[in-house]
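A.B. asks: Numbering (numbering that gives the first Met the number 0), first residue to last: 0 to 231. The structure is given below, and queries will be raised subsequently.
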Amino acid sequence: MKMEQDEIRKGPWTEQEDLILNNFVHLFGDRRWDFIAKVSGLNRTGKSCRLRWVNYLHPGLIRGKMTPQEERLVLELHAKWGNRWSRIARKLPGRTDNQIKNYWRTHMRKKAQQKKKAMSPSSSSSSNSHSSPSSSTGKVSFYDTGGPDMKKSGEFEDEKGYSMDDIWKDIDMSEENMIKPLTDNYSEEVCDIFCPPMASPSPENDYCLASLWKMAEESISCFEYGTSYLTG
DNA sequence: AACTCCCACAACCGCCACGAG
DNA sequence: ACTCGTGGCGGTTGTGGGAGT
């Protein structure tokens with residue numbers, strides 16, 4: 000495939016890029032990322048645009064620390080589903096899979112370090128401490144507590160057969176007293192909260208719409224296609 | 001005050017699934 | 001049925017800021 004005319008931008012997003020992306024998502028919706036990437040003139044990949052929107056610009060996002068309830072929910076759901084971050088995220092309104100993943104990563108690192116300290120390093124063979132039960136299958140992240148062995152196997156509501164690795168077992172046991180079993184309070188209704196209608200363009204967003212359209216027009220030839228969205 | 005460590009967050013990469021042609 | 005393009009997901013890395021020493 001032919002590369003874009005300009006070099007694809009990488010790295011941190013600027014405020015202006017955010018603004019442009021925001022406007023184009025409002026215009027075209029949050030599905031057609033490759034298209035948005037092209038017409039916006041951002042010189043970003045569609046993937047990058049999507050990620051920026053999902054993880055940062057989405058109006059429903061909650062920023063800041065996880066609440067104890069959320070932490071509990073993450074632990075509970077991870078025990079149930081493993082590293083299915085997007086799935087877990089759907090049960091936490093306003094949280095992204097990236098946020099949860101990051102939280103889990105630091106959380107587990109902390110736990111792993113605590114555990115390491117607790118266990119005398121001299122008493123155990125070091126190789127053993129690093130080899131997960133699934134060592135034969137290849138690399139497993141230290142914070143990957145496994146979950147059901149359902150890699151790309153579709154749904155896995157059935158919890159039978161879910162075996163946690165050593166770390167998770169320890170953590171689970173240590174926290175069992177804290178984590179009250181959850182009922183189905185985190186059912187689908189929670190998810191609905193996180194799906195607000197597309198925010199209406201604010202006045203401040205309008206200021207550059209004209210220029211944005213001009214950019215889009217110059218960028219590709221399918222301008223009319225976009226206008227059909229506006230005019231209905 | 002300077003330095004180090006840790007945490008939270010942002011972003012990229014690679015792989016896979018799915019739909020369109 | 002096959003190929004290709006795109007989006008979604010999970011893994012990983014880089015970085016800035018705050019806390020601790």
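The C-beta atom is built at its ideal place from N, Cα and C for all residues, glycine as well.
#1: Would you check if there are 3 or more beta carbon pairs closer than 8 Å linking the stretch 48 to 58 to the stretch 19 to 35?
#2: Please classify residue 13 as buried or exposed, where buried requires at least 16 other C-beta atoms within 10 Å of its C-beta.
#3: Using 8 Å as the Cβ pair cut-off and three pairs as the minimum, do the stretch 28 to 37 and the stretch 65 to 84 touch?
#4: Express the C-alpha separation of residue 36 and residue 84 in angstroms, rounding to a whole number.
#5: Alpha helix (DSSP H) containing residue 26: first to last residue?
#6: When DSSP labels each residue in this structure, what does residue 67 get in the three-state scheme?
#7: In whole angstroms, what separates the C-alpha of residue 16 from that of residue 100?
#8: Express the C-alpha separation of residue 86 and residue 196 in angstroms, rounding to a whole number.
#9: Which residues mark the beginning and the end of the alpha helix (DSSP H) in which residue 50 is found?
#10: With a threshold of 16 other CB atoms inside 10 Å of the CB of residue 11, please say whether the residue is buried or exposed.
#11: What residue does the alpha helix (DSSP H) around residue 86 start on, and which one ends it?
#12: Quick one: using the 10 Å Cβ neighbour count with 16 as the cut-off for buried, is residue 69 buried or exposed?
#13: Take the Cβ of residue 54 as the centre, count every other Cβ of all protein chains shown within 10 Å, and call the residue buried at 16 or more, exposed below.
#14: When burial is assigned at 16 or more other CB atoms within 10 Å of the CB, is residue 58 buried or exposed?
#15: Give the DSSP-derived three-state secondary structure of residue 41 in the structure shown.
#16: Report all residues from its chain with a CB closer than 6 Å to the CB of residue 88; omit the five preceding and five following residues, and keep chain order.
#17: Check whether the Cβ of residue 98 sits closer than 6 Å to any heavy atom of the ligand FMN, and report yes or no.
#18: Rounded to the nearest angstrom, how far is the Cβ of residue 56 from that of residue 8, given a contact under 8 Å?
#19: Whole angstroms is fine: what's the gap from residue 74's alpha carbon to residue 52's?
#20: Find the nearest neighbour of residue 60 within the set 106, 91, 18, 108, judged by alpha-carbon distance.
C.D. replies: Reading it off the structure:
#1: Proximity of the stretch 48 to 58 to the stretch 19 to 35 meets the contact definition, three or more beta-carbon pairs being nearer than 8 Å.
#2: Residue 13 should be labelled exposed.
#3: No contact exists between the stretch 28 to 37 and the stretch 65 to 84.
#4: Linking residue 84 to residue 36 through their CA atoms gives a straight-line distance of about 25 Å.
#5: For residue 26, the enclosing alpha helix (DSSP H) starts and ends at 14 to 27.
#6: Looking at residue 67 - three-state DSSP - the assignment turns out to be helix.
#7: In a straight line, the C-alpha of residue 16 is about 25 Å away from that of residue 100.
#8: Its pLDDT being 38, under 50, residue 196 is placed unreliably by the model, and the measurement read from it follows with that caveat. Cα to Cα, the separation comes out at about 21 Å.
#9: First-last of the alpha helix (DSSP H) with residue 50: 45 to 51.
#10: Its Cβ having fewer than 16 others within 10 Å, residue 11 is exposed.
#11: First-last of the alpha helix (DSSP H) with residue 86: 84 to 89.
#12: Of the other Cβ atoms in all chains shown, 16 or more fall within 10 Å of the Cβ of residue 69; this residue is therefore buried.
#13: Per the 10 Å Cβ criterion, exposed.
#14: With fewer than 16 other beta carbons inside 10 angstroms of its own, residue 58 counts as exposed.
#15: Looking at residue 41 - three-state DSSP - the assignment turns out to be coil, as it is neither helix nor strand.
#16: For residue 88, the CB contacts under 6 Å within the same chain, skipping 5 residues up- and downstream, are 94, 95, 96, 99 in chain order.
#17: Because no ligand of any kind appears in the structure shown, any question about the ligand FMN cannot be addressed here.
#18: Actually they are not in contact, since the Cβ atoms of residue 56 and residue 8 sit about 16 Å apart, beyond 8 Å.
#19: Taking the straight line joining both Cα atoms gives about 26 Å.
#20: Ranking the options by Cα distance to residue 60, first place goes to 91.
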